[in-house]
Amino acid sequence: MSGPATVLIVSDPHYAGPAEAARRGYELACAPNWAVRQLLALYRGYYWLRDPLGNGPFLEAFLQRSGAADLVIANGDYSADSAFVGMLDDAAFASAQACLGRLRARFGERLHATIGDHELGKTSLVGGRGGLRLGSWSRTVNDLGLQPFWQLSRGNYVFMGVTSTLLALPVLQREAPPEEHAAWEALRREHIAAVRQAFSALQPEQRVLLFCHDPTALPFLAELPEVAARLGQLEATVIGHLHSQLILRKSRLLAGLPTIRWLGVSVARMSTALNRAKVWRRFNVQLCPSLSGIQLLKDGGWLTVELDLSASQPAKFRFHPLPWTSVTQAKGT
16 MSGPATVLIV SDPHYAGPAE AARRGYELAC APNWAVRQLL ALYRGYYWLR DPLGNGPFLE
76 AFLQRSGAAD LVIANGDYSA DSAFVGMLDD AAFASAQACL GRLRARFGER LHATIGDHEL
136 GKTSLVGGRG GLRLGSWSRT VNDLGLQPFW QLSRGNYVFM GVTSTLLALP VLQREAPPEE
196 HAAWEALRRE HIAAVRQAFS ALQPEQRVLL FCHDPTALPF LAELPEVAAR LGQLEATVIG
256 HLHSQLILRK SRLLAGLPTI RWLGVSVARM STALNRAKVW RRFNVQLCPS LSGIQLLKDG
316 GWLTVELDLS ASQPAKFRFH PLPWTSVTQA KGT
């Protein structure tokens, strides 16, 4: 197969259905005291996202405005995860199910979706609530129908989707109950075996587009001999998770930061990722931001990639901004 192809990429829709949308103030409720609550409100209100339960209009705008594509990739985080335990929470599961349902209705069999960290559970930024839950894995794979590892070929391009939480389990396992550690480790071994086999089977003329939600996983991928030997065939690695190019730029600036373990689970997680972030450059990282972006810059949107399926020309990435003014105006009509 040769000729052109268009790939549409969306990440981090963080859709909140009715049950999650009713949980106003869920993050502030985790704060252990007044001072932390005020700091969290400032961070949310002016920098990250004032209304984490209000992303529905951005998803609708994307579905209406995104054009035709040969393939569509959704790169994780389909709910607000407002209970911090992923799909084990019925409200978050309903949100993710609705979000994926809308995507599948719009794009059909062209859609391929990776698993994000919020599908599986993630400890709250403050207060230490929630975390990784094995029950969320079962619901994500069996009930939402998301594959831990998927692969498809078009011409000389191979598309691969991995589960970043499994690859980065050495960083994230402390957020899981101790009695679940062995099961998570077994899932990780199985996942790594699939990744190693896929990379070892690559032909010299093939190029890879890798989809990995959280870049924390990339240094662990680089440790696999089959991956390291074929990084030269990696056209790009599309990540999500960071929501904004500003966060990616700051992450590159802070690469090598020592791990900080005395400020709680969330800071330990983020600083560990930054400690090894210099490895990211070896993966030709392309960030697909969240649909809303962050409050400070309002810089969300989605990506398209134009491919020559013979792989004789580099992939051409294009960012499609989703201006807040147009979304809010459409919401009001």
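Following my numbering, the numbering of the sequence shown begins with 16 at its first residue and continues without gaps.
Just so it is clear, CB atoms sit at the ideal spot from N, CA and C, and this is done for glycine as well.
How far does the alpha helix (DSSP H) with residue i in it reach, from first residue to last?
| i | result |
| --- | --- |
| C303 | C303 -> no alpha helix (DSSP H), and no H or E assigned at all. |
| V51 | W49 to L57 |
| G170 | Segment: none, G170 is in no alpha helix (DSSP H) and carries neither H nor E. |
| Q310 | Careful: Q310 lies outside any alpha helix (DSSP H) and carries neither H nor E. |
| R121 | D105 to F122 |
| G150 | L149 to S153 |
| V242 | P240 to A243 |
| A83 | Neither: A83 is in no alpha helix (DSSP H) and is coded neither H nor E. |
| L272 | Looking at the DSSP string, L272 is not in any alpha helix (DSSP H), and its letter there is neither H nor E. |
| E134 | D132 to L135 |
Can you tell me the Cα-Cα spacing of residue i and residue j, whole angstroms?
| i | j | result |
| --- | --- | --- |
| E321 | E194 | 46 Å |
| L23 | Q301 | 13 Å |
| A251 | C227 | 11 Å |
| Q79 | V87 | 14 Å |
| D66 | D85 | 33 Å |
| L126 | A330 | 19 Å |
| D314 | I207 | 34 Å |
| P338 | R291 | 33 Å |
| R121 | L272 | 42 Å |
| S341 | H335 | 13 Å |
| A38 | S97 | The question names Ala, yet the displayed sequence has Arg at residue 38. Distance between the alpha carbons of R38 and S97 is about 7 Å. |
| L236 | G32 | 34 Å |
| Y93 | Q53 | 28 Å |
| Y62 | E42 | 15 Å |
| G176 | L249 | 13 Å |
| E220 | A209 | 21 Å |
| D353 | Y58 | Residue 353 lies beyond the range of the chain shown here (16 to 348); nothing can be said about it. |
| R204 | E124 | 29 Å |
| A283 | S327 | 43 Å |
Reducing DSSP to helix, strand and coil, say where residue i ends up.
| i | result |
| --- | --- |
| K331 | strand |
| W3 | What is shown of the chain runs 16 to 348, which leaves residue 3 out entirely. |
| S259 | coil |
| G71 | helix |
| P219 | coil |
| T180 | helix |
| V186 | helix |
| D229 | coil |
| G347 | With a pLDDT of 45 at G347, under the threshold of 50, the predicted position of this residue should be treated as unreliable, though the coordinate-derived value follows. DSSP places G347 in helix when its eight states are reduced to three. |
| A224 | Residue identity check: residue 224 is Leu in the sequence provided, not Ala. Looking at L224 - three-state DSSP - the assignment turns out to be strand. |
| Y41 | coil |
| Y93 | coil |
| H29 | coil |
| F235 | helix |
Determine the contact status of residue i and residue j, defining contact as a CB-CB distance below 8 Å.
| i | j | result |
| --- | --- | --- |
| S151 | G136 | yes |
| L233 | F298 | yes |
| Q310 | G60 | yes |
| G170 | L324 | yes |
| E200 | L184 | yes |
| V141 | A46 | yes |
| E75 | A111 | no |
| W295 | P230 | yes |
| R154 | L202 | no |
| C114 | P192 | no |
Report the option in the options whose CA atom is closest to the CA atom of residue i.
| i | options | result |
| --- | --- | --- |
| A36 | D85, Y58 and A107 | A107 |
| A56 | T252, G40 and G170 | G40 |
| H256 | A283, L269, L224 and L306 | L306 |
| S26 | A109, P304, A120 and V51 | P304 |
| R267 | L249, S286 and E238 | S286 |
| V51 | A83, S139 and T178 | S139 |
| G308 | H258, A270 and R333 | H258 |
| L187 | S168, Q166 and G146 | G146 |
| Q212 | P240, S81, R222 and R189 | P240 |
| R117 | F77, S215 and F214 | F77 |
| F99 | R144, G82, A128 and A89 | R144 |
| S179 | Q260, V253 and F332 | V253 |
| V156 | P19, A128, A83 and Y172 | A128 |
Hey, quick one: how far does the beta strand (DSSP E) through residue i stretch, first residue to last?
| i | result |
| --- | --- |
| T252 | L249 to I254 |
| T21 | P19 to V25 |
| A89 | L86 to A89 |
| W317 | G316 to D323 |
| L126 | L126 to A128 |
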